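Numbering (the working numbering), first residue to last: 167 to 474.
Even for Gly, the Cβ is constructed at its ideal location relative to N, Cα and C.
A quick note: this is a predicted structure, and the numbers were derived from the prediction, not measured.
Single-structure report; data block below.
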């Protein structure tokens, strides 16, 4: 039996026990992670937390809808046992009717019928780290090897002594200038998320500094379920020629090589980013998004201005 639980009804201990034991668990599904990125999330729970699905919702203009929170790539159904397409469909069918507009992303282990109009594919890029570093490096493309050599010859110093504020500041002062929908609230949420994850030994920051101790790039990496997830980064556009991010990514790949871990680049549908990530010898995988609108024609117009 699948039950719809309000936030206050969710047993967080049982929830996290399910996520820990799920064959498809990920960093985004822990209760503490969800509490930060979307407080008051609800859920679908099967039996005694055998399978679970978080529901991240909001209400505006009297319309209750499901959406994907910032800093969360994949949610969907998580299971301690076998998970078939039929299991996933049962969860989707049990999403309450009061969610009139749905735009959420499942995870790559959630099988769906892509022939249906309500589903679309998103691309993720991952790299298995079981091989030794030299073998992984040999799979880098020529451009990645060339940029890595430039970075290694530029005098940059790798450092784990970088705080979250520095990474966010680098992002906001550079690429973030063109992202108007991220406000102070979103950056504060990201800051809370990073420090909470660090406290739980589920996050580390790696950066690159110049000889004069100036941090010119840094990345935030989450760790859970034998997966290193490249969650966020910031870099100084005036130092693009040093290819600091390539050096950072390579250093993390080198450190975790010959382990059971997977390096998750967390994207991307953007062709340029995908090409860059694939340059590290990574492979493409896909995960589904559910998107449908159950509103009448007049109300459908309102969804165009719903802020998430």
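For the putative contact between residue i and residue j, defined by C-beta atoms under 8 Å, what is the C-beta separation to the nearest angstrom?
| i | j | result |
| --- | --- | --- |
| residue 438 | residue 333 | Contact flag wrong, Cβ pair sits at about 21 Å. |
| residue 315 | residue 374 | Wrong, their Cβ atoms sit about 15 Å apart, outside the cutoff. |
| residue 384 | residue 323 | Actually they do not touch by this definition, with Cβ atoms about 12 Å apart. |
| residue 355 | residue 202 | 6 Å |
Given this structure, state the Cα-to-Cα distance separating residue i from residue j, to the nearest angstrom.
| i | j | result |
| --- | --- | --- |
| residue 466 | residue 344 | Note that residue 466 scores 49 on pLDDT, short of 50, meaning its location in the model is unreliable and no value can be drawn from it. |
| residue 184 | residue 424 | 28 Å |
| residue 282 | residue 260 | 18 Å |
| residue 291 | residue 263 | 34 Å |
| residue 223 | residue 429 | 30 Å |
| residue 312 | residue 194 | 34 Å |
| residue 247 | residue 221 | 21 Å |
| residue 471 | residue 352 | Summary for residue 471: the model assigns pLDDT 45, below 50, so the residue's position carries little reliability; its value from the coordinates is reported in the next sentence. Residue 471 and residue 352: Cα-Cα distance of roughly 19 Å. |
| residue 446 | residue 293 | 8 Å |
| residue 255 | residue 395 | 27 Å |
| residue 392 | residue 319 | 32 Å |
| residue 196 | residue 171 | 16 Å |
| residue 440 | residue 434 | 5 Å |
| residue 458 | residue 252 | 19 Å |
With DSSP run on the structure shown, which of helix, strand or coil describes residue i?
| i | result |
| --- | --- |
| residue 474 | Because residue 474 sits at a pLDDT of 44, beneath the cut-off of 50, its placement in the model cannot be relied upon, and the point is left open. |
| residue 336 | helix |
| residue 167 | coil |
| residue 247 | coil |
| residue 281 | coil |
| residue 399 | strand |
| residue 228 | coil |
| residue 393 | strand |
| residue 351 | helix |
| residue 381 | strand |
| residue 373 | strand |
| residue 344 | helix |
| residue 459 | strand |
| residue 419 | helix |
| residue 323 | strand |
| residue 386 | strand |
| residue 233 | strand |
Taking all protein chains shown into account, decide if residue i is buried (16 or more other Cβ within 10 angstroms of its Cβ) or exposed.
| i | result |
| --- | --- |
| residue 213 | exposed |
| residue 408 | buried |
| residue 432 | buried |
| residue 476 | Missing from the structure shown is residue 476; the chain here goes from 167 to 474 and no further. |
| residue 296 | exposed |
| residue 266 | buried |
| residue 404 | exposed |
| residue 231 | buried |
| residue 326 | exposed |
| residue 365 | exposed |
| residue 273 | buried |
| residue 204 | buried |
| residue 301 | exposed |
| residue 241 | buried |
| residue 239 | buried |
| residue 387 | buried |
| residue 378 | exposed |
| residue 227 | exposed |
| residue 427 | buried |
At least one CB of chain B closer than 9 Å to the CB of residue i: is that the case?
| i | result |
| --- | --- |
| residue 319 | No chain B is part of this structure, which consists of one protein chain only. |
My parser needs the beta strand (DSSP E) runs of 3 or more residues fully inside the segment 184 to 224; what are they? Fully enclosed beta strand (DSSP E) runs of 3 or longer: 208 to 212, 217 to 221.
Continuous alpha helix (DSSP H) assignments of at least 4 residues falling wholly in the segment 425 to 452: Those alpha helix (DSSP H) runs which fall completely within the segment 425 to 452 and span 4+ residues are 437 to 444.
Go through the segment 265 to 311 residue by residue and report every complete run of the alpha helix (DSSP H) that reaches 4 residues or more, in order. List check, alpha helix (DSSP H) in window: 299 to 304.
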